[in-house]
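Taking our numbering, I'd label the letters of the sequence shown as residues 47 to 282.
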Amino acid sequence: LEAEWLEYLAGLEPAQEQAELWRLQVRTFDLMRRYETELDPDARLLPPTAPPEWMSDTLKVFLKRADAQVNLVLETALIAAQERAYDGDLSGSQALLDDVEAALDEGGALTRPSLIGRRQIMDALVVQDRAVLRADADAYRDTLDPTSDLAQSGAIAERLSPAFRSYRQEPVRLDLSDDGLRAHGVVLIHADLVDGDLPEDGQLFAVEFIQAGGRWLMSGREPTQPDLFPPPSRAD
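Here is the structure:
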């Protein structure tokens with residue numbers, strides 16, 4: 047089987063762009079494996095039994111995402127690198143992979159601008175979560191782009207009521223513009239009301255950010271649906 051596969055590969059004559067895309071895919075998965083080995087070793091587990099037979103400790107591993115900030119930053123960077131590659135931005139994908147590799151070489155230190163920006167946005171989300179949980183309108187407004195619809199008094203009042211028992215936005219996807227002044231992503235809402243259920247709990251929201259005065263401010267937020275990734279194979 048391996049010999050047949052190698053023979054098939056040897057007969058391919060990909061265009062230069064397709065060959066570069068394949069190289070990026072291989073590099074991406076190599077970096078994913080390295081990231082998991084060094085910073086999320088549980089992700090490399092392969093239980094010997096089927097899921098119905100898993101013990102509670104095994105279930106916990108697969109039900110809980112590694113959510114330290116360095117994990118979220120590097121995972122969203124790896125996802126963004128894949129998305130850029132599939133969108134044809136091969137140089138942008140390569141640059142992000144360079145940043146991830148540099149972070150791994152430095153033991154998880156986030157020193158590259160694209161990674162620092164992600165970390166700052168995640169910090170801003172934590173501040174916003176705290177403001178929502180405390181129903182602090184001034185603190186919440188301070189996390190928003192003042193020119194956006196989100197910063198309108200009515201929108202703020204609606205966002206902060208009714209009272210929350212818990213509230214957290216989990217970054218699922220996040221990418222920055224090339225100039226580092228804008229960002230877009232997707233967050234997963236984890237929330238519980240003091241009284242009743244919240245329809246947003248477990249829902250995905252597309253979010254946008256701008257950088258102003260050295261701070262990241264949310265400029266857009268709307269419900270979204272999960273994206274299929276990777277996208278369907280292209281005809282080429």
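Here a beta-carbon is modelled for each residue, glycine too, at the ideal position from N, C-alpha and C.
Just so it is clear, the structure is predicted and the values come from calculations on it, not from any experiment.
Proximity of residue i and residue j at Cβ, strictly below 8 Å
i      : j      : result
Leu250 : Pro272 : yes
Ser160 : Leu67  : no
Leu220 : Ile167 : yes
Ala252 : Leu244 : no
Tyr186 : Ile202 : yes
Leu91  : Glu147 : no
Thr74  : Ala126 : no
Phe210 : Val173 : no
Alpha-carbon to alpha-carbon, residue j and residue i
i      : j      : result
Glu121 : Ala131 : 16 Å
Leu31  : Arg69  : Residue 31 lies beyond the stretch modelled for the chain, which goes from 47 to 282, so this question has no answer here.
Gln115 : Leu234 : 16 Å
Arg214 : Leu196 : 18 Å
Ala123 : Ile256 : 18 Å
Asp145 : Gly259 : 25 Å
Arg158 : Ala149 : 8 Å
Ala141 : Ser212 : 37 Å
Arg261 : Thr193 : 15 Å
Ala183 : Gln71  : 45 Å
Arg228 : Ala49  : 48 Å
Gln62  : Asp224 : 24 Å
Arg176 : Arg205 : 13 Å
Glu84  : Leu143 : 16 Å
Asp169 : Leu58  : 47 Å
Asp151 : Glu82  : 14 Å
Glu246 : Glu99  : 32 Å
Residue i, buried or exposed, once every other Cβ within 10 Å from all chains shown has been counted against 16
i      : result
Arg79  : exposed
Ser265 : buried
Ser171 : In the sequence on display, residue 171 carries Leu and not Ser. Buried, because 16 or more other Cβ atoms sit within 10 Å of the Cβ of Leu171.
Glu325 : The requested residue 325 does not occur in the structure, where the chain is confined to residues 47 to 282.
Gly231 : buried
Gln64  : exposed
Thr189 : buried
Pro208 : exposed
Ser139 : buried
Pro217 : buried
Residues sharing a beta bridge with residue i, DSSP
i      : result
Val233 : Pro217 and Phe251
Asp238 : Ser212
Glu268 : Ala252
**Request:** Let me know the beta strand (DSSP E) ranges lying completely inside the stretch 203 to 231, each 3 residues or longer, listed in chain order.
**Result:** Listed in chain order, they are 210 to 222.
**Message:** To test your reading of the DSSP string, which unbroken alpha helix (DSSP H) runs of 4 or more residues are found completely within the stretch 108 to 143?
**Reply:** Listed in chain order, the complete alpha helix (DSSP H) runs (minimum 4 residues) inside the stretch 108 to 143 are 115 to 132.
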